[in-house]
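S.K.: Be aware that the sequence shown starts at 1, since it is given in this note's numbering, and climbs by one per residue.
C-beta atoms are modelled at their ideal positions from N, C-alpha and C, and glycine is treated no differently.
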Amino acid sequence: MSRLCSAVIISILVLVGSAAAANYIYERSVIQGVGYRNHELIGQTGQGYSGSKIIERISGSGNFYDRTEFELSVHHNSINFTQEATFEYFPVSYQTGTYDRKWIDRLCVMNYDAGAVVTEQYTHAESLMKSTQISTVGNSPLNEVNNSGIEASFNANVIGVGHIGWLSMDTKTNCKGRHFEVGRSVEDVTGVFSIEKYIQLFSNVSGTTGAVDWLPCL
């Protein structure tokens, strides 16, 4: 009997431990140096094609400064991302080898509750100075106003290749099983340029999602 009780207690503790998995994330980082850097950030508030998701990848060699704040709440179905960064390309050599890669910075934020996606991407960058702020919130009973969407602000000076885009789609499908495209914008530039964009994509209606990713990064 005592063994049975012990087994039951252990099972309860295991269930409580799994239920108490981290559903709130906050990270603040300042990274500065000279050399080669490879960074990846992935976060999501819902499984599959639901909730909000963020994907960021950075790589390159040279001089870099990056100050980032990242907050994710599963209960509030929200993501906040702020970044101020400067990248300057040049090859670096150490005893372990030579690293020679121009800077790549790719960021994609998706909100399936609002049918909205925003993409910021820089490749082959010899110089990149950027300030990015993105907030996304989805449907949640904890939110005062159930108004899902993405708000984004981009400000960048670049020598290289740049790509900024957004896509807004109806969360519900039509009789043919397709999502109506409300609008999109794609900006592609190459050379020496500056970009300043402010984007708001909001919806107060949510729909069902299927097994197919109908909201890809642009």
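On a Cα-Cα basis, can you pick out the residue from N147, A156, C175, G191 that is closest to L201?
M.R.: Here the closest residue by C-alpha is N147.
S.K.: Measure the C-alpha to C-alpha separation of I150 and A114 and round it to an integer number of angstroms.
M.R.: 8 Å
S.K.: Tell me L215's beta-bridge partners as DSSP assigns them.
M.R.: Under the DSSP definition of a beta bridge, L215 lacks any partner.
S.K.: For N139, does the count of other Cβ atoms within 10 angstroms reach 16, so buried, or fall short, so exposed?
M.R.: Residue environment analysis places N139 among the buried positions, since at least 16 neighbouring C-beta atoms fall within 10 angstroms of its C-beta.
S.K.: Apart from the five residues on each side of it in sequence, which residues of its chain come closer than 6 Å, Cβ to Cβ, to T82?
M.R.: E69, Q133
S.K.: Buried or exposed: Y198, going by 16 or more other Cβ atoms within 10 Å of its Cβ?
M.R.: exposed
S.K.: Cutting at 7 Å between CB atoms, please list the residues of its own chain near L13, excluding the five before and the five after it.
M.R.: Unreliable positioning characterises L13 in this predicted model, as indicated by a pLDDT of 39, which lies under 50. A coordinate reading is not provided.
S.K.: Please report the residue range of the beta strand (DSSP E) in which C108 lies.
M.R.: 103-111
S.K.: Is DSSP giving S250 helix, strand or coil here?
M.R.: Here the chain covers residues 1 to 218 and nothing more, so residue 250 does not appear.
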